[in-house]
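Below is one structure, written out as structure tokens; comments come after it.
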Amino acid sequence: MNLTVAVLGGGSWGTTVAHLVSRNTNTVLWARNPETVAEINTKHTNETYLPGAQLSPKLKAESDITVAVAQADVVVMGVPSQHFRSVLNQLSGCIRPWVPVISLTKGLEIGSQLRMTEIIHEVLPGHPTGVLTGPNLAREIMAGQAAASVLAMKDPIIMRALQNVFSSGLFRCYTNPDVVGCELGGVLKNVIAIAVGMGDGLGAGDNTRSALITRGLSEISRLGVALGGQSETFAGLAGMGDMIATCTSDKSRNRTVGIELAKGRTAQEITDSMFMVAEGLKSAPVVLSLAAEHNIEMPIVQDVYKVISGESSPSRIFKGLLRVAAGAESEPG
Numbered sequence: 170m171n172l173t174v175a176v177l178g179g180g181s182w183g184t185t186v187a188h189l190v191s192r193n194t195n196t197v198l199w200a201r202n203p204e205t206v207a208e209i210n211t212k213h214t215n216e217t218y219l220p221g222a223q224l225s226p227k228l229k230a231e232s233d234i235t236v237a238v239a240q241a242d243v244v245v246m247g248v249p250s251q252h253f254r255s256v257l258n259q260l261s262g263c264i265r266p267w268v269p270v271i272s273l274t275k276g277l278e279i280g281s282q283l284r285m286t287e288i289i290h291e292v293l294p295g296h297p298t299g300v301l302t303g304p305n306l307a308r309e310i311m312a313g314q315a316a317a318s319v320l321a322m323k324d325p326i327i328m329r330a331l332q333n334v335f336s337s338g339l340f341r342c343y344t345n346p347d348v349v350g351c352e353l354g355g356v357l358k359n360v361i362a363i364a365v366g367m368g369d370g371l372g373a374g375d376n377t378r379s380a381l382i383t384r385g386l387s388e389i390s391r392l393g394v395a396l397g398g399q400s401e402t403f404a405g406l407a408g409m410g411d412m413i414a415t416c417t418s419d420k421s422r423n424r425t426v427g428i429e430l431a432k433g434r435t436a437q438e439i440t441d442s443m444f445m446v447a448e449g450l451k452s453a454p455v456v457l458s459l460a461a462e463h464n465i466e467m468p469i470v471q472d473v474y475k476v477i478s479g480e481s482s483p484s485r486i487f488k489g490l491l492r493v494a495a496g497a498e499s500e501p502g
């Protein structure tokens with residue numbers, strides 16, 4: 170391919186996507202830290218975020234965002250949700266017109282409650298937008314293990330063209346026109362993963378984990394459909410697939426947060442000790458607010474928020490679950 174792709178964000182997932190894409194076409198990775206840039210360019214590693222992984226020698230890194238984006242035919246956003254808008258604002262004077270902007274970020278903006286693609290539309294109007302999401306644990310992909318993702322865009326022509334950009338070796342990229350559903354699936358499952366992590370930390374068994382994942386999927390599907398997503402999307406890679414990976418893997422940051430909460434640590438203590446962002450901590454209050462606005466009951470998300478805010482504890486939450494009368498499976502609760 171003759172395309173030039175700029176991936177913004179030198180974390181674990183941004184670096185992994187840049188590594189995959191560089192096998193197919195010219196790719197530059199922008200990172201804030203000059204030391205990270207130098208390491209990628211000279212050693213082809215990013216030991217801070219991907220210890221032991223060897224990056225493609227074709228991948229180039231750049232610390233000047235203007236230089237990284239100037240010749241880009243595609244821009245991929247791999248920065249945390251709280252920095253997403255500020256990085257986009259830096260692009261307004263250097264990105265070329267009509268260049269597609271693809272989000273890797275699984276979070277919502279605090280305050281505005283916007284999805285990342287909505288922020289792209291707001292800051293960079295006229296640029297085609299999309300999201301790459303799914304059950305994608307960076308370290309497994311870098312280790313050469315098979316994985317699948319989904320690229321969601323409204324424009325089918327651009328989507329099919331970019332499908333070939335992201336597909337690489339054992340990394341398979343599917344397509345889906347449901348941007349809203351795919352993006353929300355990646356966001357909402359993070360909160361459920363915290364609940365599952367709390368159960369695991371308390372010694373709950375496989376039955377409990379399965380129940381939480383299943384009921385959690387039901388919760389996020391209800392809200393996702395209310396916000397404009399398609400119900401079938403939540404049964405696919407962006408929904409069930411991502412949910413299973415995030416709720417069961419020892420590599421999942423959000424599940425790890427739940428485990429640490431179950432040990433009695435506060436959300437702030439966990440955040441301060443984590444090197445990488447667990448988006449579920451930031452998303453929980455936003456998700457709960459959206460649910461209230463659309464009159465959607467999300468008892469698992471509500472319980473997670475109570476623990477995060479210090480209103481309750483994991484043990485009290487799980488004792489409470491046992492006292493709740495069960496209704497029809499189609500009902501919340």
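Each residue of the sequence shown is one higher than the one before, counting from 170 in this note's numbering.
Where is the CB? At the ideal position from N, CA and C, for every residue including glycine.
Just so you know, these numbers come straight off a predicted model, no measurement behind them.
Bridge pairing for V197: A175 and K229 [DSSP]. Taking 7 Å as the cut-off, the Cβ atoms of F253 and I288 count as close. Annotated as proximal: L277 and V356, with beta-carbon spacing under 7 Å.
Considering only Y343, T298 and N305, the residue with the shortest C-alpha distance to D324 is T298. For the 7 Å CB-CB criterion, I363 and G449 form a contact. When only Cα atoms are considered, V455 and A436 end up about 16 Å apart. One alpha carbon belongs to P266, the other to S379, and they sit about 47 Å apart. Taking a contact to require three or more Cβ pairs closer than 8 Å, the segment 175-189 and the segment 234-253 qualify as touching.
By the C-beta criterion, the segment 232-241 is judged not to be in contact with the segment 399-419, since fewer than 3 inter-stretch pairs fall below 8 Å. Only residues of its own chain outside the window of five on either side were considered, and among them V360, V473, Y474 and I477 have a CB closer than 6 Å to the CB of A453, listed in chain order. M445 carries a coil assignment under DSSP once its states are collapsed to helix, strand and coil. Close CB contacts of V334 within its chain, under the 8 Å cut and outside five residues either way in sequence, are with M170, L172, V174, V190, N193, T194 and V243 (chain order).
In the structure shown, C263 falls within a coil segment according to DSSP collapsed to helix, strand and coil. A230 is not a Cβ neighbour of N258, given a cutoff of 7 Å. For M367, same chain residues with a beta-carbon under 6 Å away, outside a window of 5 residues either side, are G427, L430, A431 and P483 in chain order. Here S281 carries a coil assignment [DSSP, helix/strand/coil]. When only Cα atoms are considered, S281 and E352 end up about 16 Å apart. Of the candidates K420, S458 and L459, the residue whose Cα lies closest to the Cα of M443 is K420. Cβ neighbours of G183 within its own chain (closer than 6 Å, five residues either side excluded): V176 and G247. At the C-beta level, R284 and A317 stay beyond 7 Å of one another.
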